[in-house]
Amino acid sequence: MSQKGLIYSFVAKGTVVLAEHTSYSGNFSTIAVQCLQKLPSNSSKFTYSCDGHTFNFLIDNGFVFLVVADESVGRSVPFVFLERVQDDFKRRYGPSIKNEGPHPLADDDDDDLFEDRFSIAYNLDREFGPRLKEHMQYCMNHPEEISKLSKLKAQITEVKGIMMDNIEKVCSAFDGEIVVEKLDV
Numbered sequence: 001m002s003q004k005g006l007i008y009s010f011v012a013k014g015t016v017v018l019a020e021h022t023s024y025s026g027n028f029s030t031i032a033v034q035c036l037q038k039l040p041s042n043s044s045k046f047t048y049s050c051d052g053h054t055f056n057f058l059i060d061n062g063f064v065f066l067v068v069a070d071e072s073v074g075r076s077v078p079f080v081f082l083e084r085v086q087d088d089f090k091r092r093y094g095p096s097i098k099n100e101g102p103h104p105l106a107d108d109d110d111d112d113l114f115e116d117r118f119s120i121a122y123n124l125d126r127e128f129g130p131r132l133k134e135h136m137q138y139c140m141n142h143p144e145e146i147s148k149l150s151k152l153k154a155q156i157t158e159v160k161g162i163m164m165d166n167i168e169k170v171c172s173a174f175d176g177e178i179v180v181e182k183l184d185v
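In UniProt numbering, the protein residues as written are 1 to 185.
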């Protein structure tokens with residue numbers, strides 16, 4: 001394969017990288033962390049372009065999912081990859097994320113034993129780094145499926161938008177009828 005495809009990926013909480021994977025050498029991680037610190041706070045998806053690569057971010061509940069891709073891959077494959085990683089991460093760590101308060105056994109003397117596993121840099125690297133690699137390989141080895149999935153998601157989003165518009169119109173019409181009925185009374 002002449003193109004590199006998906007090059008580097010990480011999962012972070014805020015600006016703390018929890019797990020990462022790359023099969024290539026380069027300064028991708030350095031640039032990615034610099035981009036991470038400059039992400040707009042009002043966006044759930046964001047892409048930076050730099051030197052023939054895209055740095056694609058998906059942000060959810062304080063967690064940041066990133067993939068660096070060769071520009072020739074386009075935008076759909078990186079975001080399908082990020083959604084796969086996000087789903088996998090939520091399945092694996094969802095209960096821990098929801099119970100993010102202090103550990104019930106923690107006390108003032110040994111709080112460091114029960115520190116939040118999502119606040120320590122590279123704390124999930126051993127267990128989730130290999131999952132990033134698997135998702136990267138899958139997305140690059142099944143481009144037709146990823147393309148179909150991307151198109152299907154776009155169609156679903158379009159239909160959802162149309163349905164929301166229609167529901168809004170019906171509600172507006174219904175509210176108008178209620179006002180008229182109330183005036184007649």
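C-beta: ideal position from N, C-alpha, C; glycine also. Small disclaimer: the values here were computed from a predicted structure and weren't measured.
Who are residue i's beta bridge partners in DSSP?
i, result
"residue 13", "16, 63"
"residue 57", "46, 66"
"residue 22", "8"
According to the Cβ coordinates, are residue i and residue j closer than 8 Å?
i, j, result
"residue 129", "residue 73", "no"
"residue 85", "residue 142", "no"
"residue 93", "residue 17", "no"
"residue 28", "residue 77", "no"
"residue 132", "residue 9", "yes"
Alpha carbon to alpha carbon, how far is residue i from residue j?
i, j, result
"residue 46", "residue 139", "19 Å"
"residue 107", "residue 160", "Because the pLDDT at residue 107 is just 48, under 50, the model does not fix this residue reliably, and the value given afterwards should be weighed accordingly. Whole-angstrom Cα-Cα distance: 48 Å."
"residue 137", "residue 22", "11 Å"
"residue 66", "residue 156", "24 Å"
"residue 33", "residue 50", "14 Å"
"residue 41", "residue 14", "11 Å"
"residue 7", "residue 39", "20 Å"
Is DSSP giving residue i helix, strand or coil here?
i, result
"residue 137", "helix"
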